Amino acid sequence: MSRDVRHSLSRTHGEAFAMFIEQRMYTAHPGRLPAWLRLYEEVGGPCSARHLGPPIGFFTVEFGTINRVLFVRGFDDADDRERQLAAREADPEWGRFRAETAKFGALAQQESKLLKTVPFSPIQKAGQPFERTIGGTGMVVDHRTYDFHPGRLNAWLEAYEGLGLPVQQRLLGQLLFFAVTECGPINQAVFAWAYEGLGDRDRRRNTMMADPGWAEFGKAIAPLNALKQQTTMLLKPTGFSAIR
Numbered sequence: 001m002s003r004d005v006r007h008s009l010s011r012t013h014g015e016a017f018a019m020f021i022e023q024r025m026y027t028a029h030p031g032r033l034p035a036w037l038r039l040y041e042e043v044g045g046p047c048s049a050r051h052l053g054p055p056i057g058f059f060t061v062e063f064g065t066i067n068r069v070l071f072v073r074g075f076d077d078a079d080d081r082e083r084q085l086a087a088r089e090a091d092p093e094w095g096r097f098r099a100e101t102a103k104f105g106a107l108a109q110q111e112s113k114l115l116k117t118v119p120f121s122p123i124q125k126a127g128q129p130f131e132r133t134i135g136g137t138g139m140v141v142d143h144r145t146y147d148f149h150p151g152r153l154n155a156w157l158e159a160y161e162g163l164g165l166p167v168q169q170r171l172l173g174q175l176l177f178f179a180v181t182e183c184g185p186i187n188q189a190v191f192a193w194a195y196e197g198l199g200d201r202d203r204r205r206n207t208m209m210a211d212p213g214w215a216e217f218g219k220a221i222a223p224l225n226a227l228k229q230q231t232t233m234l235l236k237p238t239g240f241s242a243i244r
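Counting in full-length UniProt numbering, the sequence shown runs from 1 upward without gaps.
Take a look at the structure:
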């Protein structure tokens, strides 16, 4: 995240960012993810929660690159993360989890990003409990990563907060978090919306696209030519995810 983005948004809201989010994506060899998930739920997850606190959410990819899990965890301070990870590494249960997962070699690739929440993100503090506001009992999560040309993210975020976000809050599902990259590929916005199901998402997004307020937002950002690439994945929460 650029210094200009941090300064401008902090100045606008009168406060600094509240929290770090570590986002991890693990891609498994075909057929091996279920066993890894079971072992994580039984051993690795409880051990991680003891030292790091529970993850914000834990998901599998339904549409996108499959055989993949995505999970996000909050830290109020980057130094807290280092201390907590060291404590987990010293826990025999974590050693057991790593030894057991090594036996079946489930994971093919791992990716990590460090994000910082923007002031309008619903989640702003590590350990903040999730409160479901959408109806129904099912859930799909529309996870999005927007890549920006250098120097243009700030103006897009300000237009989005003023014009785009109010339309989406009125018409879409539940915004889970909204953050920008601190470490990893910079000039990215990463955010996620929850819906009751795929049909609910489709209906709500169609309504949004027809809304005059959304058209106004589109006109406001067009001269910025800010976006370079947009990537979306549809996720499903695991049975042990706090968000579900």
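Glycine included, each C-beta is placed from N, C-alpha and C at the ideal position. Since this is a predicted model, take the numbers as computed values, not measurements.
- Exclusion of the five residues before and after Leu39 leaves Phe97, Glu100, Thr101 as the residues of its chain whose Cβ lies within less than 8 Å of its Cβ.
- When the Cα atoms are used, Asp80 and Val167 turn out to be separated by approximately 36 Å.
- Note on geometry: alpha-carbon atoms of Pro54 and Phe71 lie some 11 Å from one another.
- Glu196 places its beta carbon less than 8 Å from that of Gly138.
- Glu161 and Phe120 have their C-alpha atoms roughly 8 Å apart.
- The three-state secondary structure of Gly199, taken from DSSP, is helix.
- Comparing alpha carbon positions, the residue from Tyr26, Arg50, Phe148 closest to Pro92 is Arg50.
- By the CB criterion at 8 Å, Met233 and Val61 fall inside the cutoff.
- DSSP, read as helix, strand or coil, puts Glu22 in strand.
- For the alpha helix (DSSP H) assignment, the uninterrupted runs of no fewer than 4 residues enclosed by the stretch 82-146 are, from N- to C-terminal side, 92-104.
- In the DSSP assignment, Val72 falls within the unbroken beta strand (DSSP E) covering 68-75.
- When DSSP reads this structure, Cys47 sits in no beta bridge, so it has no partner.
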